[in-house]
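Structure first, commentary second.
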Amino acid sequence: MASTHLAGPVVVVGTGLLGASIGLGLEHRGVPVFLEDPSPTNQAVAVDIGAGRPVAELDADSGAQPQLVVVAAPPDVTASVVERSLARWPRAVVVDIASVKAGILTELRGRSVDLSRYVGTHPMAGREKSGPVAARGELFTSMPWVVCAHAGASDDAVRLAKALGADLGAIVAEFDADEHDEAVALVSHLPQVMSSHLASRLQGTDLRLLSLAGNGLRDTTRIAASDPALWVQILGANAEKLVKHLYGVREDVERLINTLEAPTAPGARLDLAQLMSEGNAGQARIPGKHGGPPQAFSWLTVLVDDRPGQIARLLTEIGEIGVNLEDLRLDHSSGRNVGMVEISVLPSKHDDLVVELEERGWRVLQ
């Protein structure tokens, strides 16, 4: 069992995807977790999957106090739940994991709450699925865990907030609340809006046309499957910072429309090329593997029969060859019972891997 910075017990208030995943991750590391949720069903499911025990068992032990309370409530009630938790457990450090930070801190300060035991945090992890049934104990592994310490937070509170992220295998990063909200408006909230808007354009489209969709459409609309109720709260809480980026998008789209309305006009092709090049330049700035500088990788596609065990056999044989996979994507061939596994490797390994796989009978496309 992995060593931990937290001794526990830890109380998790809210047993949705993130709350239940925190419980699973800590329980797997031997930290005792107690769960509370206004939905008896969600709490029961979280208990059943091993994310912790009901908080009533902790309350039954007179004098027992949690070391840490994690508020995993919806953003619009987070401040209220933090305030109640600070009063209910007067010796515990309380953190929240809401995706917008400045507004919650401002609301708590407006209530004249002693915030020395409170720190805002935000794990930059999630899935398109929601609820405790989608929880994964490894959800936060190698993902950023933002700690937004404020001037009134005690050293111990900040230490435990960082320890929570570290114990869950996350990469702890420190931002102030406003800086955090500026960042997530660009790297999280704007992508969600763009993905949802693009997916909304598919409504009413002839299914025959959609049958031509490939990875480009799937990749750009994947997060459009996210929970609308949650995102209404997130976008509303960070509206001011998000709108600034949407103004920029509007200007870019208007520029694109004007260019495409006269595609043969002098300079139109150059303007289109510049727009695409600007996208190339922005994409190249996204950090690469393990947060390091972006790297160039080589891709190859392997055709696999659509039957059990084929992908597992392919991955096993790549491991036997001694090549490390940098990335992997899976797609299906329209109208054929084959899958297409796209594999990313270091350029120096590409040719040797192709030869080895073909010698083992795999069909490789380059």
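In terms of the working numbering, the sequence shown opens at residue 1449 and continues consecutively. The beta carbon of each residue, even a glycine, is placed where N, CA and C say it ideally should be. Note that the structure is predicted; figures quoted are calculated from it, not measured.
Collapsed DSSP secondary structure at residue i in the structure displayed
i	result
M1642	helix
V1543	strand
M1591	coil
I1791	strand
W1537	coil
M1449	In this prediction, M1449 has a pLDDT of 48, which is less than 50 and means its spatial position is unreliable; nothing more can be read from the coordinates.
L1690	helix
P1480	coil
R1656	helix
E1774	coil
P1571	strand
A1582	helix
V1519	strand
I1619	strand
W1810	coil
S1746	strand
L1751	strand
P1711	coil
H1598	coil
V1525	helix
R1501	strand
D1799	helix
D1603	helix
Inter-residue spacing [alpha-carbon to alpha-carbon] between residue i and residue j
i	j	result
R1559	V1793	54 Å
S1578	T1463	10 Å
A1633	H1476	33 Å
R1838	L1608	Residue numbering for the chain in the displayed model covers 1449 to 1814; residue 1838 lies beyond these limits and cannot be assessed.
L1763	P1735	26 Å
R1501	G1471	9 Å
N1785	V1752	9 Å
G1767	L1813	19 Å
A1582	E1807	40 Å
T1707	L1646	20 Å
A1492	A1455	24 Å
H1798	W1747	8 Å
G1770	V1561	57 Å
A1677	G1696	26 Å
L1801	A1744	17 Å
P1486	A1605	26 Å
L1778	A1760	13 Å
H1693	S1648	20 Å
A1550	H1628	8 Å
L1658	D1626	41 Å
L1718	E1790	33 Å
C1596	D1624	5 Å
A1540	D1775	41 Å
M1724	P1480	51 Å
T1749	A1573	29 Å
G1787	S1644	27 Å
Residue burial classification, residue i (beta-carbon count within 10 angstroms, cutoff 16)
i	result
S1533	buried
Y1566	buried
G1664	exposed
H1585	The sequence given here has Gly at residue 1585, not His. So G1585 counts as buried.
P1538	exposed
K1610	buried
T1569	buried
I1705	exposed
G1757	exposed
N1686	buried
D1700	exposed
N1490	buried
D1654	exposed
V1803	exposed
D1754	exposed
H1780	exposed
G1715	exposed
V1635	exposed
G1473	buried
A1599	exposed
A1710	exposed
L1563	buried
Spatial neighbours of residue i in its chain, beta-carbon cut-off 8 Å, leaving aside the 5 residues before and after
i	result
L1506	P1457, V1459, F1482, A1512, P1514
P1639	I1671
Close Cβ partners of residue i (< 6 Å) along its chain, the five nearest in sequence each way excluded
i	result
M1527	Going by the sequence as given, residue 1527 is Ala instead of Met. So the list reads I1552, E1555, L1556, once near-sequence residues are dropped.
E1484	V1461, V1503
L1805	V1812
D1524	Q1681
P1580	T1463, A1468, N1490, V1493, A1494
G1613	W1593, V1620
Residue i: CB within 8 Å of a non-hydrogen atom of the ligand MG
i	result
L1506	You won't find the ligand MG in this model; it holds no ligand whatsoever.
Sequence-distant residues of its chain with Cβ nearer than 7 Å to residue i (five each side left out)
i	result
H1637	I1682, L1683, N1686, L1690
A1673	E1576
At least three beta-carbon pairs within less than 8 Å, the segment 1526–1546 to the segment 1613–1627: The segment 1526–1546 vs the segment 1613–1627: no contact.
Does the contact criterion of 3 or more C-beta pairs under 8 Å hold for the segment 1454–1469 versus the segment 1494–1514? As far as the Cβ criterion goes, the segment 1454–1469 touches the segment 1494–1514, which means the pair count is three or higher.
Does the contact criterion of 3 or more C-beta pairs under 8 Å hold for the segment 1514–1521 versus the segment 1542–1549? Short answer: they touch.
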